[in-house]
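Structure, as structure tokens:
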Amino acid sequence: MTEQFKVQIDTLAQNVFRICIGEPNGFIAFNHFLIVDECPVLMHLGHRQSFDLLYRAVAEILDPAKLRYLAFSHYEADECGALNQWLETAPDAEVLVGKICASSLRDFALRPPTVLHDGQSVLLGRDKLILLETPHFPHNWDACLFYLKGQRILFGSDLGTQKGLQPVYSEPDTPVKAALALQEAIAFMPWGPHLDAGVQKLQSLQIDILATMHGSALNQQQTTQFLAGLTQANQRSVGAL
Ligand SMILES: [Fe+2]
Ligand SMILES: [Fe+2]
Numbered sequence: 003m004t005e006q007f008k009v010q011i012d013t014l015a016q017n018v019f020r021i022c023i024g025e026p027n028g029f030i031a032f033n034h035f036l037i038v039d040e041c042p043v044l045m046h047l048g049h050r051q052s053f054d055l056l057y058r059a060v061a062e063i064l065d066p067a068k069l070r071y072l073a074f075s076h077y078e079a080d081e082c083g084a085l086n087q088w089l090e091t092a093p094d095a096e097v098l099v100g101k102i103c104a105s106s107l108r109d110f111a112l113r114p115p116t117v118l119h120d121g122q123s124v125l126l127g128r129d130k131l132i133l134l135e136t137p138h139f140p141h142n143w144d145a146c147l148f149y150l151k152g153q154r155i156l157f158g159s160d161l162g163t164q165k166g167l168q169p170v171y172s173e174p175d176t177p178v179k180a181a182l183a184l185q186e187a188i189a190f191m192p193w194g195p196h197l198d199a200g201v202q203k204l205q206s207l208q209i210d211i212l213a214t215m216h217g218s219a220l221n222q223q224q225t226t227q228f229l230a231g232l233t234q235a236n237q238r239s240v241g242a243l
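Note that the sequence shown covers residues 3 to 243 in our numbering.
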């Protein structure tokens with residue numbers, strides 16, 4: 003899992019970088035985000051097998067051994083497969099999780115995680131990172147999302163997923179239509195009350211950038227359209243049951 007993969011580093015926002023790893027014709031590509039602050043954060047730890055690629059990309063921006071926080075949404079290979087490799091790389095790094103994910107990590111991880119409750123934050127230096135508990139949203143019971151308060155960036159994990167290798171930002175309609183179409187086609191997020199609860203929680207925030215794990219990021223307007231479209235699709239889907 004090395005030669006066929008393309009690695010692309012882009013600026014998502016000031017001091018926030020997107021590292022995208024994916025095959026040119028793959029179904030989806032994988033975005034990892036690096037927040038550069040006094041306490042640097044790696045958001046999405048990547049697959050175990052692509053650790054070397056991600057390590058080299060992180061090293062182009064900062065010393066990977068200096069990472070202070072490791073974060074992800076839910077217990078799944080693309081989110082945290084390489085967690086132990088990162089814990090070995092960065093001796094002071096803490097893994098930030100919600101209470102539901104903590105039980106998996108207490109068994110799986112080399113060091114115990116730091117458990118944050120809903121709405122609790124860690125100070126990074128200039129900015130603050132807040133954990134939001136969002137069970138089953140975008141999927142998995144243990145799901146949480148992270149919000150960078152000062153820059154109003156939501157790290158939305160699989161929320162807004164689009165297929166293929168995509169630029170860091172895209173044309174106004176493109177990522178919104180693609181993300182809604184993919185959810186309608188394969189329903190990788192559960193339809194029903196958990197989706198509504200997750201959307202409502204996000205609608206109470208000011209989100210300037212929705213950083214997606216797969217595909218282009220959404221700006222403020224695109225995020226508003228996407229969340230509204232998701233609610234409408236959820237109503238249609240639940241009504242059809
Ligand atoms: Fe996922
Ligand atoms: Fe994912």
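A virtual CB, placed ideally from N, CA and C, is assigned to each residue, including glycine. Remember, it's a predicted structure, so these values are computed and weren't measured experimentally.
* P42 burial status per 10 Å Cβ neighbour count (16 or more: buried) -> By one-based count along the sequence shown, residue 42 stands at place 40. P42 comes out buried.
* Whether P140 touches S218 by CB criterion (7 angstroms) -> The sequence position of residue 140 within the sequence shown is 138, counting from 1. The sequence position of residue 218 within the sequence shown is 216, counting from 1. For P140 and S218, no; Cβs fall outside 7 angstroms.
* Asked: Straight-line CA distance for S75 to A242?
  -> As a position in the sequence shown, residue 75 is number 73, starting the count at 1. As a position in the sequence shown, residue 242 is number 240, starting the count at 1. The alpha-carbon atoms of S75 and A242 are separated by roughly 30 angstroms.
* **Environment of H46 [buried if 16+ CB atoms lie within 10 Å]** => What you label residue 46 is simply residue 44 of the sequence shown in a count that begins at 1. By the 10 Å Cβ count, H46 comes out buried.
* Taking R238 as the reference, give the member of Q185, K130, L107 with the closest Cα. => By 1-based counting over the sequence shown, the position of residue 238 is 236. The option with the nearest alpha carbon to R238 is Q185.
* Out of curiosity, what's the CA-to-CA distance linking G121 and T136? -> Numbered from 1 along the sequence shown, position 119 holds the residue referred to as residue 121. Numbered from 1 along the sequence shown, position 134 holds the residue referred to as residue 136. If you take the alpha carbons of G121 and T136, they lie about 11 angstroms apart.
* To do: Excluding the 5 residues preceding and the 5 following D160 in the sequence, name in chain order all residues of the same chain whose CB lies nearer than 8 angstroms to its CB.
  => Taking the first residue of the sequence shown as position 1, residue 160 is located at position 158. S75, P140, H141, F190, M191, T214, M215, H216.
* Asked: Mind checking whether the beta-carbon of D144 lies closer than 6 angstroms to any heavy atom of ligand 1?
  -> Translated into the one-based positions of the sequence shown, residue 144 becomes position 142. No, Cβ of D144 sits at least 6 angstroms from all heavy atoms of ligand 1.
* **Any heavy atom of ligand 1 nearer than 5 angstroms to the CB - residues listed** => E78, D160
* Which residues DSSP lists as bridging N33, in chain order -> Position 31 of the sequence shown, counted from the start, is the residue given in the question as residue 33. According to DSSP, which records beta bridges pairwise, N33 is partnered with C22.
* Asked: For ligand 2, is there a heavy atom less than 6 angstroms away from the beta-carbon of M45?
  -> Locating residue 45 in the sequence shown gives position 43, counting from the first residue. For ligand 2, not one heavy atom lies less than 6 angstroms from the Cβ of M45.
* **Closest residue to D94 among C103, C82, T116 (Cα-Cα distance)** => The count along the sequence shown starts at 1 and reaches residue 94 at position 92. Residue T116 is the option with its Cα nearest to D94.
* In the DSSP assignment, find the unbroken beta strand (DSSP E) run with E40 in it and report its ends. => Position 38 of the sequence shown holds residue 40. Careful: E40 lies outside any beta strand (DSSP E) and carries neither H nor E.
* Do M244 and ligand 2 come close, with the Cβ less than 6 angstroms from some heavy atom? -> Missing from the structure shown is residue 244; the chain here goes from 3 to 243 and no further.
* Asked: Looking only at its own chain, which residues have a Cβ that is under 6 angstroms from the Cβ of I23, when we skip the five neighbours before and after it?
  -> Within the sequence shown, residue 23 is the residue found at index 21, counting from 1. For I23, where only same-chain residues beyond five positions count, the Cβ hits under 6 angstroms are F7, V9, F32, S52, L55.
* Asked: Does DSSP put N221 in a helix, in a strand, or in coil?
  -> Along the sequence shown, one-based indexing puts residue 221 at 219. Looking at N221 - three-state DSSP - the assignment turns out to be strand.
* Asked: Among I21, T13, N17, A15, which residue has its Cα nearest to the Cα of L167?
  -> The residue given as residue 167 occupies position 165 in the sequence shown. Nearest of I21, T13, N17, A15 to L167, Cα basis: I21.
* Return the first residue and the last residue of the alpha helix (DSSP H) that V99 is part of. => Against the sequence shown, residue 99 aligns to sequence position 97. Not the alpha helix (DSSP H): V99 falls in the beta strand (DSSP E), residues 96–99.
* Asked: To which residues does DSSP link V124 through a beta bridge?
  -> Looking up residue 124 in the sequence shown gives position 122. Partner(s): L131.
* To do: Consult DSSP for T13 and reduce its assignment to one of helix, strand or coil.
  => Position 11 of the sequence shown, counting from 1, holds the residue named residue 13. T13: strand per DSSP, three-state reduction.
* Please name the residue in C103, A73, V178, G100 whose C-alpha comes closest to that of L89. => In the sequence shown, the residue the question calls residue 89 occupies position 87. Residue A73 is the option with its Cα nearest to L89.
* Which residues bound the beta strand (DSSP E) around F157? -> As a first step, residue 157 must be located in the sequence shown, where it is residue number 155. F157 -> beta strand (DSSP E) spans 155–157.
* To do: Name the two residues that bound the continuous alpha helix (DSSP H) containing Y57.
  => For the purposes of this step, residue 57 is taken as residue 55 along the sequence shown, with counting starting at 1. Run containing Y57: 53–61, per the alpha helix (DSSP H) assignment.
* To do: May I ask you to report which of helix, strand or coil DSSP gives V1?
  => Since the first and last residues shown for the chain are 3 and 243, residue 1 lies out of range.
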